[in-house]
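Peer 1: Chains as they are written, first to last, in the working numbering: chain A, 1 to 168; chain B, 1001 to 1267. Note that the Cβ used here is the ideal one computed from N, Cα and C, for glycine as well. Keep in mind the model is a prediction, meaning the values are calculated, not measured. Here it is: the structure, laid out below.
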Amino acid sequence: MPEFRTVQCVVNDEPREAEIEPRLLLVHFIREVLGLTGTHLGCDTTSCGACTVLFDGLPVKSCTVLGVQADGHDIVTVEGLGSPSELSPVQEGFHEEHGLQCGFCTPGMMLTATGFLEENPNPTEEEIRWALSGNNCRCTGYMNIVKAVQWAAKKMATSGISARGARG
Amino acid sequence: MMAYYREDAKVLSGGMSLIPLMKLRFAAPATIVDLNQIQGLDYIEEAGGYLRIGCLARNRAIVRSELVRSRHPLMSSAAPTISDPVVRNRGTVVGNLTHADPQGDWATVMMCLDGEVVARSTEGERVIPVSQFITGPFSTTLMPNEIAVEVRVPGATNFGEYHKIERKVGDFATVAVGVALQQQGGSVSRVGIGLTGVGPSNIKCYDAERIVSGGGLNENTIQQAAQAAAADSSPRTDHRGSEEYKREMVAVFVRRSLHAAAGIRAA
Ligand SMILES: Cc1cc2nc3c(=O)[nH]c(=O)nc-3n(C[C@H](O)[C@H](O)[C@H](O)COP(=O)(O)OP(=O)(O)OC[C@H]3O[C@@H](n4cnc5c(N)ncnc54)[C@H](O)[C@@H]3O)c2cc1C
Ligand code: FES
Ligand code: FES
Chain A
1 MPEFRTVQCV
11 VNDEPREAEI
21 EPRLLLVHFI
31 REVLGLTGTH
41 LGCDTTSCGA
51 CTVLFDGLPV
61 KSCTVLGVQA
71 DGHDIVTVEG
81 LGSPSELSPV
91 QEGFHEEHGL
101 QCGFCTPGMM
111 LTATGFLEEN
121 PNPTEEEIRW
131 ALSGNNCRCT
141 GYMNIVKAVQ
151 WAAKKMATSG
161 ISARGARG
Chain B
1001 MMAYYREDAK
1011 VLSGGMSLIP
1021 LMKLRFAAPA
1031 TIVDLNQIQG
1041 LDYIEEAGGY
1051 LRIGCLARNR
1061 AIVRSELVRS
1071 RHPLMSSAAP
1081 TISDPVVRNR
1091 GTVVGNLTHA
1101 DPQGDWATVM
1111 MCLDGEVVAR
1121 STEGERVIPV
1131 SQFITGPFST
1141 TLMPNEIAVE
1151 VRVPGATNFG
1161 EYHKIERKVG
1171 DFATVAVGVA
1181 LQQQGGSVSR
1191 VGIGLTGVGP
1201 SNIKCYDAER
1211 IVSGGGLNEN
1221 TIQQAAQAAA
1231 ADSSPRTDHR
1241 GSEEYKREMV
1251 AVFVRRSLHA
1261 AAGIRAA
């Protein structure tokens, strides 16, 4: 008999509440219970980073966090970047610099980049490469992803918009 | 709570080892006690002659801590080599020690620095040196009703380097060597040398440490210490490299760090 737990959290600025099994992983909670399928499940072994979301502002691999651990916390998924009318600087950077091919790694890449740029808005190329080293991309060879993050940093500096973008 | 649930329960800190084990069904706890709900366990502070690391201090915080860098540079050198930046946002030092992966990096660092685990239960508190805490692969002297609340490191060291060969970011060590020293004007008052990935568990190189603490740092003691550390290792040939290669790299890294500490440019 599965036991259920109530989880109350804020996801992309909206309060959410659900009854879930304690063993449910955060990635499945986000995708299947909340219906936010932008977060991808790649390796399921804490290696690839496709499942990265922001947990109280920090990138975490949601395949290795329990859904119940989100109780009382703030989660941002790729759906929470930018607004329907305006891309966030990081999203725009990936668009402008062609930072994706198949797009599978992209949500995780963008959330890691967003968390990183909030902490270090003016990074060197080397710092960007280290920051993204827990996220794998099998298509692009990383060059354009690094350029996309550099583009976002520049945009943030000139526009004053945060890495996550203007909301509303 | 641990007294109540005992063997049926598992403590969850960062979850970066426990949750992967549960996915593989290597662990199937009936109850999980999530320490993340408890406030005030993520401290990194100095008190009573110890650098104290609370059980919810993440690897992320160690990487960024100026206090850690100023007291034990070996810790600051090792932390950025452990897992990857996203995993470090959750994984903890204490969780790494209690997990006792034979390839784990923190146990080696703590053996170099004479670190101690503080364990607490409803029956009281005890302090266990990390060199006695780890009893083998994935096994420690922690009792089922105990929680490791802190790891603490005495005093300070003014030199520390962790050299780790990994095939890619996030991989465990092919070979890693930690060296920590406290030295003033050519005399060495404290030395720690430890190895990761080259034996059934973490290795503290007592002989190499004695050579340096007894004879100081000179070309002769450095060569001897490097040979002693290599002799302490018992690596196995595997997908990460051959036995001979790993043993040779132990000697190379011990030499490199001791040369750096002595200010000698390697030949
Ligand atoms: C992709 C990847 C790469 C990695 N690479 C490395 C690496 O290169 N080197 C390395 O050393 N590690 C590596 N790790 C392991 C990582 O550092 C883990 O975070 C760490 O080993 C466990 O810490 P945790 O806080 O996540 O512990 P958890 O997963 O929460 O717990 C691990 C174990 O310890 C027990 N436990 C945890 N906290 C306590 C406590 N306070 N008291 C009593 N018991 C407790 C748990 O019950 C469990 O059995 C890697 C992990 C991943 C996912
Ligand atoms: S799916 Fe989580 S790290 Fe790959
Ligand atoms: S764009 Fe295909 S995996 Fe990164």
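Does A/Arg-31 come out as helix, strand or coil in the three-state DSSP assignment?
Peer 2: Correct three-state label for A/Arg-31: helix.
Peer 1: Mind checking whether B/Ala-1057 and B/Ile-1038 have CB atoms under 8 Å apart?
Peer 2: In this structure, B/Ile-1038 does not lie closer than 8 Å to B/Ala-1057 by Cβ.
Peer 1: How would you write the range of the beta strand (DSSP E) that A/Cys-9 sits in, first residue to last?
Peer 2: That run of the beta strand (DSSP E) goes 5-11.
Peer 1: With 16 as the cutoff for other CB atoms within 10 Å, does A/Gly-168 come out buried or exposed?
Peer 2: Unreliable positioning characterises A/Gly-168 in this predicted model, as indicated by a pLDDT of 44, which lies under 50. The coordinate reading is nonetheless provided below. A/Gly-168 should be labelled exposed.
Peer 1: Can you give me the Cβ contacts of B/Trp-976 inside the same chain, cut-off strictly under 6 Å, excluding the 5 residues immediately before and after it?
Peer 2: Because residue 976 of chain B is not part of the residues shown, which for chain B are 1001 to 1267, the question remains open.
Peer 1: Return helix, strand or coil for B/Arg-1058, following the three-state DSSP convention.
Peer 2: Correct three-state label for B/Arg-1058: strand.
Peer 1: Buried or exposed: A/Val-146, going by 16 or more other Cβ atoms within 10 Å of its Cβ?
Peer 2: Per the 10 Å Cβ criterion, buried.
Peer 1: Nearest to B/Leu-1024 by CA position, among A/Asp-44, A/Gln-150, A/Val-10 and A/Leu-81, is which residue?
Peer 2: Answer by Cα proximity: A/Asp-44.
Peer 1: Please find out if some non-hydrogen atom of ligand 2 comes closer than 7 Å to the beta-carbon of A/Thr-46.
Peer 2: Indeed, a heavy atom of ligand 2 lies less than 7 Å from the Cβ.
Peer 1: A/Ile-161 by DSSP, collapsed to three states: which one?
Peer 2: Coil, per DSSP.
Peer 1: Have a look at A/Cys-105, A/Gly-49 and A/Pro-22 and flag the residue whose alpha-carbon is nearest the alpha-carbon of A/Gln-69.
Peer 2: Minimum Cα distance to A/Gln-69 is reached at A/Pro-22.
Peer 1: Compare the C-beta of B/Asp-1008 against all C-beta atoms of chain A and say whether one is closer than 8 Å.
Peer 2: No, B/Asp-1008 lies away from the interface with chain A (no Cβ there is under 8 Å from its Cβ).
Peer 1: Runs of 4 residues minimum, wholly inside the stretch 107-155 of chain A: which ones carry the alpha helix (DSSP H) assignment?
Peer 2: As far as the stretch 107-155 of chain A is concerned, its whole alpha helix (DSSP H) runs of at least 4 residues are 125-131.
Peer 1: Since B/Arg-1060 and B/Asn-1089 are thought to touch, with beta carbons under 8 Å apart, how far apart are those beta carbons, to the nearest angstrom?
Peer 2: With 8 Å as the limit, B/Arg-1060 and B/Asn-1089 qualify as a contact, their Cβ atoms being about 5 Å apart.
Peer 1: Under a three-way DSSP split, which group does B/Thr-1135 fall into?
Peer 2: Correct three-state label for B/Thr-1135: strand.
Peer 1: What whole-angstrom Cβ distance do A/Leu-111 and A/Leu-54 have, given they're in contact under 8 Å?
Peer 2: Between A/Leu-54 and A/Leu-111 the Cβ distance is about 6 Å, and since that is below 8 Å, they are a contact.
Peer 1: CB B/Leu-1217 to CB B/Thr-1157, shorter than 8 Å?
Peer 2: Taking 8 Å as the Cβ cut-off, B/Leu-1217 and B/Thr-1157 do not qualify as a contacting pair.
Peer 1: With DSSP run on the structure shown, which of helix, strand or coil describes B/Val-1175?
Peer 2: Strand.
Peer 1: Given B/Ser-1234, which residues of its chain have a CB within under 6 Å of its CB, disregarding the five upstream and five downstream residues?
Peer 2: Result list for B/Ser-1234: Gly-1199, in chain order.
Peer 1: Roughly how far, in whole angstroms, is the beta-carbon of A/Gly-67 from the beta-carbon of A/Phe-116, given that I think they are within contact range, below 8 Å?
Peer 2: No, A/Gly-67 and A/Phe-116 are not in contact; Cβ-Cβ is about 25 Å, not under 8 Å.
Peer 1: Taking the beta carbon of A/Ser-62 as the centre, do at least 16 other beta carbons fall within 10 Å, making it buried, or is it exposed?
Peer 2: Counting Cβ neighbours within 10 Å, A/Ser-62 comes out buried, since at least 16 surround it.
Peer 1: So, A/Thr-106 versus B/Val-1086, is the Cβ gap smaller than 8 Å?
Peer 2: Not a contact, by the Cβ cut-off of 8 Å.
Peer 1: Taking the straight line between their C-alpha atoms, what separation do you get for B/Ala-1079 and B/His-1163?
Peer 2: The alpha-carbon atoms of B/Ala-1079 and B/His-1163 are separated by roughly 11 Å.
Peer 1: Which word fits B/Leu-1067, buried or exposed, when buried means at least 16 other C-beta atoms lie within 10 angstroms of its C-beta?
Peer 2: It counts as exposed.
Peer 1: Per DSSP, B/Ala-1148 is paired with what?
Peer 2: B/Ala-1148 is bridged to B/Ala-1119.
Peer 1: Identify each residue in the stretch 67-80 of chain A for which the Cβ-Cβ distance to at least one residue of chain B is less than 7 Å, and report them in chain order.
Peer 2: Result list: Gln-69.
Peer 1: Can you tell which of B/Cys-1055, B/Gln-1223, B/Ser-1083 and B/Glu-1046 has the C-alpha that lies nearest to the C-alpha of B/Ser-1070?
Peer 2: Closest option to B/Ser-1070, Cα to Cα, is B/Glu-1046.
Peer 1: Within the same chain, show all residues whose beta-carbon is closer than 7 Å to that of A/Gly-38, passing over the 5 residues directly before and after it, in chain order.
Peer 2: Only Thr-77, Val-78, Glu-79 and Pro-107 meet the Cβ criterion.
Peer 1: Buried or exposed, going by whether 16 or more other CB atoms sit within 10 Å of the CB of B/Cys-1112?
Peer 2: Burial call: buried.
Peer 1: Taking 8 Å as the threshold (beta carbon to beta carbon), is A/Glu-133 in contact with chain B?
Peer 2: What sits at residue 133 of chain A in the sequence shown is Ser, not Glu. True, the Cβ-Cβ gap to chain B drops below 8 Å.
Peer 1: Return the CA-CA distance between B/Leu-1018 and B/Phe-1138, expressed in angstroms with no decimal places.
Peer 2: Taking the straight line from one Cα to the other gives about 12 Å.
Peer 1: Enumerate in chain order the residues of its own chain whose CB-to-CB distance from B/Ser-1013 is below 7 Å, with the five nearest sequence positions on each side excluded.
Peer 2: Once the five neighbours on either side are set aside, the close Cβ partners of B/Ser-1013 are Leu-1035, Cys-1055, Leu-1056, Thr-1092, Val-1094 and Gly-1095.
Peer 1: By the 9 Å beta-carbon criterion, what residues does the stretch 36-64 of chain A contribute toward chain B?
Peer 2: So the close ones are Asp-44, Thr-45, Thr-46, Ser-47, Gly-49, Thr-52, Phe-55, Leu-58, Pro-59, Val-60, Lys-61, Cys-63 and Thr-64.
Peer 1: State buried or exposed for B/Gly-1048, treating a residue as buried only when at least 16 other CB atoms are found within 10 Å of its CB.
Peer 2: That one is exposed.
Peer 1: Is there a Cβ from chain A that is less than 8 Å from the Cβ of B/Pro-1029?
Peer 2: It does not; no Cβ of chain A falls within 8 Å.
Peer 1: What beta strand (DSSP E) runs, 3 residues minimum, are completely inside the stretch 1061-1129 of chain B?
Peer 2: Within the stretch 1061-1129 of chain B, the complete beta strand (DSSP E) runs of at least 3 residues are 1116-1121 and 1124-1129.
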